[in-house]
């Protein structure tokens with residue numbers, strides 16, 4: 059697995075980052091032993107970069123994977139919705155405790171929309187900078203689905219950018235793919251470490267996985283690409299693809315056979331846009347949230363294209 063340096067941070071990571079949301083309580087949810095074994099397998103295969111978040115509740119999986127693999131020097135990037143010093147302190151200490159680590163490689167503010175939301179989280183951001191100066195954190199950054207979020211990261215001279223970027227521009231909240239590309243390129247040129255997310259649109263673009271990955275790997279201003287994985291077959295297939303081998307016939311068959319379903323995150327606001335977009339009438343609103351009738355759902359993913367909250371995924 060090829061490794062790269064994340065911008066000016068000096069942090070060396072694998073080109074393929076394992077996004078751990080997919081194995082935890084919010085999605086799979088895999089039992090701790092199974093999830094940790096999967097992460098340990100990824101480590102053995104050469105993946106040294108793992109993205110998580112306070113929200114994901116996957117710290118125990120990563121801690122156990124490090125124990126199983128015997129490798130504790132993996133790069134861990136986490137994120138938090140903390141908005142002040144108190145909540146930021148709690149987030150950092152929780153990560154250190156749950157991961158059994160004194161040092162966290164990358165700590166980010168979660169889902170920042172613009173310089174205005176960053177301003178509202180400035181006390182938390184300042185605390186993260188302090189912890190970097192103390193040697194508790196290696197680099198400070200943010201994750202975002204918005205072009206304005208990238209621009210906010212640049213303005214505040216952050217170390218790390220974790221933007222949503224895929225071939226269809228699916229999920230970008232305030233612009234088109236070209237606008238996000240331009241903003242991400244500007245961040246890269248400022249020396250920020252960039253690792254993208256949602257290359258397959260939260261699983262909604264799984265039918266065009268090859269073109270999704272070709273696009274992601276072809277971006278010269280993205281150092282690493284975070285992908286959620288749930289099986290060894292997926293890990294092997296992605297490692298082969300990142301290594302220039304493409305997907306083998308066996309890998310394609312295994313991936314095509316995987317049973318998929320539409321997953322609606324708890325943060326759905328019940329706006330109803332997805333219900334109107336759904337041709338098969340598989341979606342409805344119940345108690346202010348979107349609900350999917352799996353007997354009607356044809357896994358087209360069209361509903362996700364109108365979800366401003368990126369709350370609809372294919373898993």
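In our numbering, the protein residues as written are 59 to 373.
Note that beta-carbon positions come from the ideal geometry of N, C-alpha and C, so glycine has one too.
Do the region 123–143 and the region 178–189 make contact, defined as three or more Cβ pairs closer than 8 angstroms? yes
Three-way DSSP call (helix, strand, coil) for residue 290 in this model: helix
Would you decide whether residue 189 is buried or exposed? Buried here means 16 or more other CB atoms lie within 10 Å of its CB. buried
Using a 10 Å radius around the Cβ and a threshold of 16 neighbouring Cβ atoms, would you call residue 353 buried or exposed? exposed
Can you grab the Cα-Cα spacing for the pair residue 139 / residue 150, in whole Å? 11 angstroms
Should residue 72 go down as buried or exposed, given a rule of 16 or more other Cβ atoms within 10 Å for buried? buried
Buried or exposed for residue 351, please, with buried defined as at least 16 other CB atoms from any protein chain shown within 10 angstroms of its CB. exposed
Could you tell me the alpha carbon to alpha carbon distance between residue 118 and residue 292, rounded to whole angstroms? 22 angstroms
Expected contact under 8 angstroms - CB spacing of residue 282 and residue 62 to nearest Å: 6 angstroms
Compute the distance between the beta-carbons of residue 223 and residue 250, then report whether it is under 8 angstroms. no
Within this structure, are the beta carbons of residue 370 and residue 103 separated by less than 8 angstroms? no
Assuming residue 254 and residue 211 make a contact with CB atoms under 8 angstroms, what is their CB distance in whole Å? At roughly 13 angstroms, the Cβ-Cβ gap does not stay under 8 angstroms, so residue 254 and residue 211 are not in contact.
What does a CB cutoff of less than 6 angstroms around residue 246 pick up in its chain, not counting 5 residues either side in sequence? 252 and 279
Quick check on the DSSP output: what are the complete alpha helix (DSSP H) runs of length 4 or more inside the region 107–168, in order along the chain? 117–127 and 143–157
Please specify which runs of the beta strand (DSSP E), each continuous and at least 3 residues long, are wholly inside the region 242–305, giving them in chain order. 251–254 and 282–286
Using the rule of at least 16 other Cβ atoms within 10 Å of the residue's Cβ for burial, across every protein chain shown, is residue 85 buried or exposed? buried
For residue 72, which residues does DSSP report across the bridge? 61
Name the DSSP beta bridge partners of residue 344, please? 347
Could you tell me which residues DSSP pairs with residue 195 in its beta bridges? 162
Spatial distance of residue 91 from residue 294 (CA atoms): 20 angstroms
Cutting at 6 angstroms between CB atoms, please list the residues of its own chain near residue 179, excluding the five before and the five after it. 141 and 167
Verify whether the separation of the beta carbon atoms of residue 105 and residue 197 is less than 8 angstroms. no
Note the first and the last residue of the continuous alpha helix (DSSP H) segment covering residue 307. 307–315
Taking the straight line between their C-alpha atoms, what separation do you get for residue 340 and residue 355? 5 angstroms
Segment contact flag, the region 218–238 with the region 326–338, C-beta cutoff 8 angstroms, min 3 pairs: no
Please list the terminal residues of the continuous beta strand (DSSP E) segment that includes residue 219. 218–221
With DSSP as the reference, identify every bridge partner of residue 321, one or two as the case may be. 371
Under the rule that 16 or more other beta-carbon atoms within 10 Å means buried, what is residue 137, buried or exposed? buried
Closest by CA to residue 290, which one among 174, 345, 193 and 98? 98
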